[in-house]
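> Before anything else, here's the structure in question.
In our numbering, the protein residues as written are 6 to 262.
Okay, structure coming up:
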């Protein structure tokens, strides 16, 4: 395995969380419209991947359709064609594929791609979505990085797409907030022990916990620290004291000169 560094482009412009979404402007999260708006504004973009029933990597955050569309049930129960025909609530278009998003972005801004946990417990029952993501991104010419809360997914991406940087999404993992996980799993993940196993070259850490000793250790080792999710200029200023860049939503972040 190789450990490609995170391109410097990911450390300049703020990264729009689920793209530059704004329902008042007809741009739902992870929509084509939000992605096009982020590109036009010059922001980096963070998106999420979930699988369709026919193995296509779809750009969608939740594992069910209920919150973001007028449909219900798991996204992985529908084909890619069926999902493309389901309008995102508040916008004019359906759920995009990862391939479509790569075509829209076309290397013009950095693209940070979260592979959503498919195991349900951050375990190793994964693989199909990672394979679809790697295959779709093959040959893409532009700043691209994969990341996941599940370290097994990050490690799998190291094998499937060794030339593309990958990172870990990390947090304090307080068991009160992560009720789907065991206390043992929370304690394990909180220590961020998988940087070497996943050949990870960055983390994206929960902003309120950026002062954690393990996070500072990773920063001291020279690995970039991104953070999630910033929702005001004041919170951004505070986070930037400890993080190399921010993932933001809901306010007009500024691109440094």
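Every residue, glycine too, gets a C-beta built ideally from N, C-alpha and C. Computed from a predicted structure; not experimentally measured.
1. Is there contact between the stretch 54-61 and the stretch 33-46, where contact requires at least three CB pairs shorter than 8 angstroms?
2. Please state the DSSP three-state secondary structure of residue 156.
3. Does DSSP put residue 92 in a helix, a strand or coil?
4. Can you tell me whether residue 187 is buried or exposed? The criterion is at least 16 other CB atoms within 10 Å of its CB, across all chains shown.
5. Is residue 171 helix, strand or coil when you go by DSSP?
6. Could you tell me which whole alpha helix (DSSP H) segments of length 4 or greater appear in the stretch 34-75?
7. Would you be able to state if there are at least three C-beta pairs under 8 angstroms between the stretch 135-149 and the stretch 61-69?
8. Taking C-alpha atoms, which residue in 250, 213, 248, 236 lies nearest to residue 257?
9. Keeping to the same chain, check which residues put their C-beta closer than 7 angstroms to that of residue 9; ignore five residues upstream and five downstream.
10. Might you give, ordered along the chain, the residues of its own chain that have their beta carbon closer than 6 angstroms to the beta carbon of residue 178, omitting 5 neighbours on each side?
11. Where residue 231 and residue 153 are concerned, what is the direct C-alpha to C-alpha distance, given to the nearest angstrom?
12. Would you list the one or two residues that DSSP bridges to residue 187?
13. How far does the beta strand (DSSP E) with residue 2 in it reach, from first residue to last?
14. Within the same chain, show all residues whose beta-carbon is closer than 6 angstroms to that of residue 185, passing over the 5 residues directly before and after it, in chain order.
15. To the nearest angstrom, report how far apart residue 259 and residue 19 are at their CA atoms.
16. Would the beta-carbon of residue 238 fall within 7 angstroms of that of residue 212?
17. Using 7 angstroms as the threshold, is the C-beta distance between residue 156 and residue 199 below it?
18. Give the straight-line distance between the Cα atoms of residue 71 and residue 209, rounded to the nearest whole angstrom.
19. Please list, in chain order, all residues of the same chain as residue 5 whose beta carbon is under 6 angstroms from its beta carbon, the five residues on each side excluded.
20. Quick test of your reading: residue 215 and residue 248, contact by CB under 8 angstroms. State the CB separation rounded to the nearest angstrom.
21. When DSSP labels each residue in this structure, what does residue 1 get in the three-state scheme?
So, to answer that:
1. no
2. helix
3. strand
4. exposed
5. strand
6. 37-46
7. yes
8. 236
9. 168, 169, 170, 206
10. 191, 194, 195
11. 13 angstroms
12. Answer is none; residue 187 lacks a bridge partner.
13. With the chain represented from 6 up to 262, any question about residue 2 goes unanswered, as that position is not in the structure.
14. none
15. 7 angstroms
16. no
17. yes
18. 27 angstroms
19. There is simply no residue 5 to check, as the chain begins at 6 and stops at 262 in what is shown.
20. 6 angstroms
21. Outside the displayed span of the chain (6 to 262) sits residue 1, for which this structure offers no information.
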